[in-house]
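Numbering (this note's numbering), first residue to last: -2 to 115.
Even for Gly, the Cβ is constructed at its ideal location relative to N, Cα and C.
On a predicted model such as this, the values are computed, not experimentally measured, just so you know.
These notes are about the structure you will find just below.
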């Protein structure tokens, strides 16, 4: 049986986390703005259902990885407030994952939108 009270609490908590990210994480704000623009443009062009699905998944991936990157950075800052080369490497690797998803999403966006623009 589904516990709707518990489910509602979980959703409320998740929304608080998203609000915190929008308030406190500059990169998340930028990526969210670009994601919203992409989703808006999705309806300005006669894209196929699969193209729309790919764009939604791509935007979701970038935003999710950015949230995970922010979590990793905050946890590491909490556990090790002083500079540590090992912590820096972990943060750099996490940021690298976000960068790869962003670059991939740019390529996907170009592959999908360019044929409609040119």
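Out of the options, which has the shortest C-alpha to C-alpha gap to residue i?
i	options	result
residue 25	93, 91, 115, 66	66
residue 96	107, 63, 77, 106	63
residue 38	78, -1, 52	52
residue 110	71, 8, 34	34
residue 103	75, 80, 56, 115	56
For residue i, does the count of other Cβ atoms within 10 angstroms reach 16, so buried, or fall short, so exposed?
i	result
residue 18	buried
residue 101	exposed
residue 32	buried
With a Cβ-Cβ cutoff of 8 angstroms, do residue i and residue j count as a contact?
i	j	result
residue 54	residue 29	no
residue 113	residue 40	no
On the premise that residue j lies in contact with residue i, defined as a C-beta separation below 8 angstroms, what is that separation, rounded to the nearest angstrom?
i	j	result
residue 87	residue 108	In fact, because the Cβ distance is near 32 angstroms, the residues do not count as touching under 8 angstroms.
residue 98	residue 58	5 angstroms
residue 91	residue 105	Their Cβ separation, rounded to whole angstroms, is 22 angstroms, which puts residue 91 and residue 105 out of contact at 8 angstroms.
Completely contained alpha helix (DSSP H) runs for the region 12 to 39, where each covers 4 or more residues:
23 to 39
Report the start-end ranges of each alpha helix (DSSP H) in the region 38 to 82 that is 4 residues or longer and not cut off at the edges.
46 to 76
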